[in-house]
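Protein chains: 2
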Amino acid sequence: MSEESPVAARRTVSASDVARAAGVSMQTVSRVVRDLDNVQPATRDRVREAMTSLGYRPNRAARALRSGRFRTIGVIMFTLSSYGNMRTLDAIAEAASALDHTVTLLPVHQRTRGGVSTAFTRLSEQAVDGIVIVIEANLDETEIDLPTDVPIVVLDSSRASERPVVDTDQAQGARLATQHLLDLGHETVWHAAGPDSSFSARRRQESWRATLEAAGRPVPPVFEGDWTTSSGYRIGLEIVNRPEITAVFAANDQTALGILRACHEFGRRVPEDLSVVGFDDMPESDSFWPPLTTVHQSFDDVGRLSIEILMAEIAGSKGAASTIVPTRLVVRDSTAAPRA
Amino acid sequence: MSEESPVAARRTVSASDVARAAGVSMQTVSRVVRDLDNVQPATRDRVREAMTSLGYRPNRAARALRSGRFRTIGVIMFTLSSYGNMRTLDAIAEAASALDHTVTLLPVHQRTRGGVSTAFTRLSEQAVDGIVIVIEANLDETEIDLPTDVPIVVLDSSRASERPVVDTDQAQGARLATQHLLDLGHETVWHAAGPDSSFSARRRQESWRATLEAAGRPVPPVFEGDWTTSSGYRIGLEIVNRPEITAVFAANDQTALGILRACHEFGRRVPEDLSVVGFDDMPESDSFWPPLTTVHQSFDDVGRLSIEILMAEIAGSKGAASTIVPTRLVVRDSTAAPRA
DNA sequence: TCGACCGATGTTTACGTCAACATCTCGGAG
DNA sequence: CTCCGAGATGTTGACGTAAACATCGGTCGA
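Top to bottom, those sequences are chains A and B.
The UniProt record's numbering applies: residue 1 is where the first sequence begins, and numbers increase by one.
The UniProt record's numbering applies: residue 1 is where the second sequence begins, and numbers increase by one.
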């Protein structure tokens with residue numbers, strides 16, 4: 001009945017306003033906000049009431065300043081425009097949110113130097129408690145001016161990193177794909193690779209090669225791609241002219257899709273004349289034509305684990321272990337035994 | 001030569017540490033940091049040197065507390081797992097970054113009440129200067145406890161909102177698609193709709209209907225979908241049994257892809273027996289089989305404009321105008337004249 | 001009955017920065 | 001030679017919160 005007038009917007013309601021309204025001290029308000037200690041239920045209710053009627057919202061900046069904690073995780077990625085990155089970010093955001101943390105996107109500026117485009121970022125202000133680096137590049141980490149005192153978890157990195165690494169088990173996935181094709185009876189398996197700048201792509205390629213070698217099969221030259229459907233299409237155009245190729249392992253589903261397109265255009269039948277395996281298991285992959293056999297990776301697990309490890313580091317645990325998330329092969333209709 | 005020892009990590013370097021090292025006052029450090037005023041070049045250099053050698057980073061919380069500005073934009077979205085949302089977020093992040101702002105993902109918690117799942121979010125703490133709502137739901141805005149004093153821009157909203165709205169011109173896009181099919185000589189066009197909870201989906205449907213009516217064509221019943229390939233596949237299964245259907249406008253590319261799959265499985269030829277148009281123009285769409293005719297929407301423009309408008313609001317301009325971004329039709333191989 | 005102890009609440013102070021104001025230096029005009 | 005002003009730099013005091021410490025009743029056992 002008192003503060004009804006919605007006249008001029010007061011600036012901001014602070015804890016002391018609430019305290020005055022509830023007839024308690026600021027400190028008690030703080031305790032109620034943080035669900036702390038024993039505050040007498042009656043007092044608590046009185047404070048709560050005052051908070052809602054005044055529309056009080058704790059000032060996060062002040063809180064962070066005082067406590068030194070931002071309850072915020074920073075994420076560094078080059079681009080959101082890839083299926084994997086997006087899914088990973090989604091999972092990270094969800095996991096962080098469950099722990100009552102917020103996710104902020106830390107900008108990465110591209111820089112061209114000596115012909116190579118590298119990333120250069122100056123995280124000039126510390127406003128995060130931890131950082132997840134989801135970056136895909138031949139990136140010298142020194143190019144990113146990272147805070148020294150903030151825990152960091154890295155995805156898609158060389159294992160050489162001293163930081164904790166969380167990643168899909170690229171090697172296992174590529175082996176699954178390659179072995180599947182060999183098991184079907186193909187003499188060997190060709191590979192439509194991802195960009196050399198990606199650690200994931202490199203590991204998939206290495207594992208494909210190792211699997212062939214372990215089976216004593218010839219290792220054909222690699223088709224170089226860059227994750228895109230158009231690079232897959234270009235590779236597909238080469239493949240359709242070479243009847244001796246009966247099986248291809250594509251570095252990701254988009255590349256596989258591009259190959260499928262070339263096959264359609266030139267009448268190369270899949271899987272009768274050519275078996276194709278992808279990697280990622282995008283939601284669309286089961287509707288490609290034919291539905292794509294592919295390696296499913298669990299982006300959700302990767303995102304969730306990276307937050308778990310990061311939070312442990314933030315909480316002070318030293319030397320958190322790196323973690324590898326297994327994949328599984330999803331067999332659909334793009335693979336078959338070679339024609340006799 | 002002096003501070004070489006990397007012994008124990010000091011806590012944080014503050015402006016006063018820098019001031020001491022450079023032999024100036026904190027205020028001068030602050031001036032240098034903000035590139036302000038006239039600071040004697042010699043002094044400026046001295047301070048800069050001290051900053052780098054000490055590894056000084058301004059404390060963003062303190063800065064925000066003092067200035068009341070966070071240099072941060074909050075983004076509210078249900079899920080990142082849709083092509084459009086992801087692209088929009090990417091564009092928003094880029095635009096914000098160009099203006100030296102950071103983007104944070106504000107979590108939205110799902111809540112089920114009375115059988116309907118609604119969003120409930122308590123943005124309990126204000127830590128953003130403005131908010132972009134990219135939400136797709138029959139959402140009573142009161143369900144989200146938004147700060148009252150923060151500028152907001154809405155995407156994918158009913159036009160009824162009093163807030164500034166930025167969106168793709170859904171109506172124009174749907175008209176383009178429908179008219180294209182009519183122009184090819186189809187008697188009428190069927191529609192594989194998106195979920196009713198999406199304003200975009202509803203507007204595409206309305207415009208499809210209006211276009212048919214304006215052309216004096218019969219308006220067939222709507223196939224109800226939910227953006228996914230599997231709903232498109234389900235719709236496709238119905239279509240393949242009905243030879244009288246010669247043209248379909250799908251609410252998005254995924255739905256179209258599902259329809260294509262059903263056509264392949266049951267030998268309904270596209271575009272000879274059925275013309276299909278999508279909406280979005282995903283990067284994969286030109287590699288579908290056949291390459292998909294679709295409506296291209298410019299997510300980049302939507303993201304960029306939303307930030308422009310939001311920033312203007314933050315800067316104090318009242319009543320920012322809503323904006324509609326045009327689409328364009330991309331004709332590929334999934335559409336043709338009906339067979340005579 | 002009294003003192004110790006415990007739970008509930010209040011008081012003080014510092015977190016790091018920036019705005020406002022104060023001061024200081026130096027050159028040039030009168 | 002003095003005074004004034006402009007530019008350079010320093011000092012003080014919030015911003016809103018939470019940690020540390022202080023205080024104040026009341027309960028319970030000896």
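We put the beta carbon where it would ideally sit given N, CA and C, even for glycine.
Taking 8 Å as the CB-CB cut-off, is residue i touching chain A?
i: B:V24; result: no
i: B:G194; result: no
i: B:V103; result: yes
i: B:T148; result: yes
i: B:R332; result: no
i: B:P151; result: no
i: B:P283; result: yes
i: B:F199; result: no
i: B:F78; result: no
i: B:M86; result: yes
Give a yes or no on whether the minimum CB-CB distance between residue i and chain B is below 8 Å.
i: A:P220; result: no
i: A:G55; result: yes
i: A:M311; result: no
i: A:T142; result: With a pLDDT of only 49 at A:T142, under the threshold of 50, the placement of this residue in the model should not be trusted; the figure read from the coordinates follows. Closer than 8 Å: no.
i: A:H264; result: yes
i: A:D17; result: no
i: A:D183; result: no
i: A:R268; result: no
i: A:T188; result: no
i: A:D280; result: no
i: A:P41; result: no
Rounded to whole angstroms, what is the Cα-Cα separation between residue i and residue j?
i: B:R63; j: B:F299; result: 33 Å
i: B:E187; j: B:W289; result: 24 Å
i: B:R44; j: B:L310; result: 35 Å
i: A:M51; j: A:L89; result: 34 Å
i: B:H264; j: B:S82; result: 25 Å
i: A:T255; j: B:S25; result: 59 Å
i: B:R31; j: B:A315; result: 23 Å
i: A:T142; j: B:T12; result: Its pLDDT being 49, under 50, A:T142 is placed unreliably in this model, and the value from its coordinates should be taken loosely. Distance between the alpha carbons of A:T142 and B:T12 is about 21 Å.
i: B:V134; j: A:N241; result: 46 Å
i: A:T246; j: A:T294; result: 17 Å
i: B:A174; j: A:R328; result: 40 Å
i: A:F266; j: A:E238; result: 11 Å
i: B:G55; j: B:A61; result: 18 Å
i: B:M86; j: B:S200; result: 16 Å
i: A:G115; j: A:A250; result: The pLDDT assigned to A:G115 is 49, lower than 50, so where the model puts this residue is not dependable, and the model offers no usable value.
i: A:L202; j: A:S275; result: Per the sequence shown, the amino acid found at residue 202 of chain A is Arg instead of Leu. Between A:R202 and A:S275, the C-alpha separation is close to 22 Å.
i: B:V154; j: A:D129; result: 30 Å
i: A:S2; j: B:P151; result: Because the pLDDT of A:S2 is 37, which lies under 50, any placement of that residue in the model is unreliable, and the number read from its coordinates should be weighed accordingly. Computed Cα separation, rounded: 28 Å.
i: B:P164; j: B:S53; result: 46 Å
i: B:E94; j: B:G84; result: 15 Å
i: A:S322; j: A:V75; result: 18 Å
i: A:R269; j: B:W190; result: 31 Å
i: A:L212; j: A:A192; result: 15 Å
i: B:S14; j: B:H296; result: 50 Å
Out of the options, which one is the CA nearest neighbour of residue i?
i: A:R261; options: A:S14, A:D169, A:R234, A:R203; result: A:R234
i: B:T335; options: B:A312, B:S317, B:G278, B:Q27; result: B:G278
i: A:N252; options: A:D281, A:G236, A:R268; result: A:D281
i: B:V103; options: B:A215, B:V47, B:I73, B:L212; result: B:I73
i: B:E162; options: B:K318, B:V331, B:A340, B:S14; result: B:K318
i: A:I307; options: A:A96, A:A177, A:G232, A:T228; result: A:A96
i: residue 343 of chain A; options: A:T28, A:I324, A:R66; result: Here chain A covers residues 1 to 340 and nothing more, so residue 343 of chain A does not appear.
Is residue i near the ligand SAH, in the sense that its beta carbon is under 7 Å from a heavy atom of that ligand?
i: A:E213; result: Among the ligands in the structure shown, none appear at all, so the ligand SAH cannot be discussed.
At 8 Å on the CB atoms, spell out the chain A contacts of residue i, in chain order.
i: B:T229; result: P283, E284, D286, S287
i: B:S207; result: The contacting residues do not exist; B:S207 stays about 26 Å from chain A at best.
Taking Cβ-Cβ distances shorter than 7 Å, what residues in chain B pair up with residue i?
i: A:A337; result: Correct list: empty, because the minimum Cβ distance to chain B is about 22 Å.
i: A:A64; result: A61
i: A:P326; result: Ordered by position in chain B, no residue passes the 7 Å Cβ test against A:P326, which lies about 22 Å from the chain.
i: A:S97; result: P107
Just to make sure I have the definition right: I need the residues of chain A whose C-beta is within less than 7 Å of the C-beta of residue i. Which are they?
i: B:R261; result: S287, W289
i: B:G167; result: The sequence given here has Asp at residue 167 of chain B, not Gly. Chain A residues near B:D167: none, gap ~20 Å exceeds 7 Å.
Since residue i meets chain B, which of its residues come closer than 8 Å, beta carbon to beta carbon?
i: A:D90; result: T79, L80, S81
Given that residue i touches chain A, what residues does it touch there, using C-beta distances under 9 Å?
i: B:P164; result: Under the 9 Å cutoff, chain A gives no residues; its nearest Cβ is about 19 Å from B:P164.
Below 8 Å between beta carbons is the criterion; list the residues of the segment 232-258 of chain B that meet it against any residue of chain A, in chain order.
Contact annotation: in the segment 232-258 of chain B, residues whose CB is within less than 8 Å of a CB in chain A are G232, Y233, Q254, L257, G258.
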